[in-house]
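Take a look at the structure below.
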Amino acid sequence: MPTLHEIARTMVSDRRGILAADESVGTMSKRLEGVGVEPTEENRRRYRELLLTTAGLSDSISGAILSDETFRQELSDGTTFPAALAERGVLAGIKVDTGATPLAGAPDEKITEGLDGLRGRLEEYVDLGASFTKWRAVFSIGDGLPSARAIHANAHALARYAGLCQEAGLVPIVEPEVVMDGDHSLEACRRVTTTVLRAVFTELGLMEVRLDGIVLKPNMVVAGGGCAQQPAASEVAQSTVDTLRETVPPGVPGIAFLSGGQSPEEATANLAAMQEITPLPWELTYSFGRALVGPALETWQGSDDGWAAAQKALSERAVANASVR
Ligand code: 13P
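This note's numbering applies: residue 113 is where the sequence shown begins, and numbers increase by one.
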């Protein structure tokens with residue numbers, strides 16, 4: 113049995129990244145509708161089969177994060193998704209939070225839920241073949257936001273989640289996302305990201321989470337989508353790496369970025385620019401959702417005829433991200 117540290121290292125090493133295909137039923141349904149595909153359980157299953165049976169995926173992808181629905185589904189040949197990933201040399205991960213809801217007394221802010229009953233659910237996911245997990249906390253930048261209570265509550269929940277996962281022998285992906293929505297500057301994103309990451313590592317420490325057995329999944333430090341001054345990739349890279357150096361202990365094996373609404377090309381260029389900054393104490397890689405699978409979804413459009421072209425589109429993005437080092 114590999115140790116938590118060995119699993120975490122596998123997830124972030126050898127130029128490979130983690131594919132985030134764990135959209136909830138609601139989010140995945142919206143994405144399918146967005147490309148004119150009926151949002152049925154079967155179409156969600158077919159789409160995930162398309163992604164995860166792409167030839168050569170394990171050359172660029174170390175792990176795939178699935179949702180509860182997909183984890184229990186099968187490929188057309190009857191193999192379960194976790195078993196299909198194992199056959200292909202890809203670790204199976206499972207999103208275990210149950211989503212973000214308004215924080216009490218702070219309707220503009222969210223708290224991620226899913227701790228109740230988590231210990232039992234984790235045991236079941238281990239039996240189903242999971243090696244790692246994911247929990248996403250979300251922070252918005254705005255007038256007075258994020259508040260101290262939103263930061264504290266979410267950091268605390270992330271740490272409780274991470275502790276339970278390690279107890280179950282699963283590597284937790286710790287995902288505090290400062291979202292890109294708004295017209296804030298790069299500097300504002302840097303300030304908030306610094307505060308959030310400090311709080312997260314304080315709580316992880318209090319909960320005695322083993323830092324060598326986690327993967328951190330943060331946002332890159334970028335300007336808000338509505339900001340007139342969009343920084344170059346070199347600025348994003350330097351600002352992100354500086355922020356991480358200030359906040360992330362060197363014992364963390366690796367950092368796998370979310371894409372957060374950046375275009376596939378932007379996310380790849382920003383990652384490439386970060387790889388040029390050396391030396392760094394941790395591996396830097398990607399755990400993109402939209403920036404990795406978006407072109408494949410648009411190409412597929414739900415038809416069998418688009419299947420091969422969609423797999424090619426995913427493969428191209430994965431190879432582009434894996435070859436930036
Ligand atoms: P994006 O890369 O689309 O932001 O998704 C990553 C993810 O896993 C969000 O929780």
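Idealized CB from N, CA, C, for every residue including glycine.
Please state if the CB of A262 and the CB of H296 are separated by a distance shorter than 8 angstroms. Position 184 of the sequence shown, counted from the start, is the residue given in the question as residue 296. Position 150 of the sequence shown, counted from the start, is the residue given in the question as residue 262. Contact flag unset, no.
Considering only the alpha carbon of each residue, which of F313, Y159, R233 and T355 lies closest to T305? Mapped onto the sequence shown, residue 305 falls at position 193. Taking T305 as reference, the option from F313, Y159, R233 and T355 with the minimal CA-CA separation is T355.
Leaving out five residues before and five after G241 in sequence, what residues of the same chain have Cβ atoms less than 6 angstroms from its Cβ? Sequence index remark: in the sequence shown, residue 241 carries index 129 (1-based). Spatial neighbours of G241 in its own chain (CB-CB distance under 6 angstroms, excluding positions within 5 residues in sequence) are listed in chain order as P194 and A204.
Comparing alpha-carbon positions, which option in L162, E320, E347 and G226 lies nearest G418? Mapped onto the sequence shown, residue 418 falls at position 306. When the alpha-carbon of G418 is set against those of L162, E320, E347 and G226, the nearest one is in L162.
Along the chain, where does the beta strand (DSSP E) that runs through V283 open and close? Residue numbering aside, residue 283 sits at position 171 when the sequence shown is read from its first letter. DSSP places V283 inside the beta strand (DSSP E), whose first and last residues are V283 to V290.
On the DSSP bridge list, what partners appear for G326? Position 214 of the sequence shown holds residue 326. Residue identity check: residue 326 is Ile in the sequence provided, not Gly. Paired residues: none, contrary to the question.
Using only alpha-carbon positions, find the residue among G414, A403, E388 and V290 that is nearest to E428. In the sequence shown, the residue the question calls residue 428 occupies position 316. Minimum Cα distance to E428 is reached at A403.
Distance between A198 and G129 (C-alpha atoms, nearest Å): For this step, residue 129 is matched to residue 17 along the sequence shown. For this step, residue 198 is matched to residue 86 along the sequence shown. Those two C-alpha atoms are separated by around 16 angstroms.
Consider the C-beta atom of F400 and the heavy atoms of the ligand 13P; say whether any pair is separated by less than 7 angstroms. Start at 1 with the first residue of the sequence shown, and residue 400 comes out as number 288. Relative to the ligand 13P, the beta carbon of F400 is positioned inside 7 angstroms of a heavy atom.
Does at least one heavy atom of the ligand MN sit under 7 angstroms from the Cβ of S371? The ligand MN is not among the ligands present in this structure, which contains only the ligand 13P.
Going by C-alpha to C-alpha distance, which of E236, L227, D220 and A432 sits closest to S252? Numbered from its first residue, the sequence shown carries residue 252 at position 140. The shortest CA-to-CA distance from S252 to any of E236, L227, D220 and A432 is the one to D220.
Helix, strand or coil for V238, going by three-state DSSP, please let me know. By 1-based counting over the sequence shown, the position of residue 238 is 126. Note: V238 maps to helix in three-state DSSP.
Please tell me whether V283 and G226 are closer than 8 angstroms, where the distance is taken between their beta carbons. Working through the sequence shown from its first residue, we reach residue 283 at position 171. Working through the sequence shown from its first residue, we reach residue 226 at position 114. Their beta carbons are not under 8 angstroms apart, which means V283 does not touch G226 by this criterion.
Taking 6 angstroms as the limit between beta carbons, can you name the residues of its chain near E315, skipping five residues before and five after? As a working note, residue 315 is residue 203 in the sequence shown. Cβ within range, chain order: A267, H268 and A271.
Grouping DSSP H, G and I as helix and E and B as strand, with all else coil, what is P114? As a working mapping, residue 114 is identified with position 2 in the sequence shown. Here P114 carries a coil assignment [DSSP, helix/strand/coil].
Excluding five sequence neighbours on each side, which residues of the same chain lie with their C-beta closer than 8 angstroms to the C-beta of P151? For the purposes of this step, residue 151 is identified with residue 39 of the sequence shown, where counting begins at 1. The residues are M140, S141, K142, L144 and E145.
Where the alpha helix (DSSP H) through R158 begins and ends: As a first step, residue 158 is located in the sequence shown; it is residue number 46 there, counting from the start. Looking at the DSSP string, the run of the alpha helix (DSSP H) that includes R158 is E153 to L164.
Any idea what DSSP makes of T224, helix, strand or coil? Along the sequence shown, read from residue 1 onward, the residue named residue 224 stands at position 112. T224: strand per DSSP, three-state reduction.
With C-beta atoms as the reference, is L169 less than 8 angstroms away from A196? For the purposes of this step, residue 169 is taken as residue 57 along the sequence shown, with counting starting at 1. For the purposes of this step, residue 196 is taken as residue 84 along the sequence shown, with counting starting at 1. For L169 and A196, no; Cβs fall outside 8 angstroms.
Using a Cβ-Cβ cutoff of less than 7 angstroms, which residues in the same chain neighbour V149 once the five nearest sequence positions on both sides are dropped? In the sequence shown, the residue the question calls residue 149 occupies position 37. Closer than 7 angstroms at Cβ, skipping near neighbours: N155, Q413 and G414.
Assigned exposure category for G401 - 16 Cβ within 10 Å defines buried: Counting from 1 along the sequence shown, the entry for residue 401 is found at position 289. The residue in question, G401, is buried, as its Cβ has 16 or more Cβ neighbours within 10 Å.
For S174, which of helix, strand or coil comes out of DSSP? Along the sequence shown, read from residue 1 onward, the residue named residue 174 stands at position 62. Of the three classes helix, strand and coil, the one that applies to S174 here is strand, per DSSP.
Ends of the beta strand (DSSP E) at L131? One-based indexing of the sequence shown puts residue 131 at position 19. From DSSP, the beta strand (DSSP E) with L131 extends over G129 to A133.
Secondary structure of P214, DSSP reduced to three states: Position 102 of the sequence shown, counted from the start, is the residue given in the question as residue 214. If DSSP states are grouped into helix, strand and coil, P214 belongs with the strands.
With hydrogens ignored, establish whether the beta-carbon of E410 is closer than 7 angstroms to any heavy atom of the ligand 13P. Numbered from its first residue, the sequence shown carries residue 410 at position 298. It does not: the Cβ of E410 is nowhere closer than 7 angstroms to a heavy atom of the ligand 13P.
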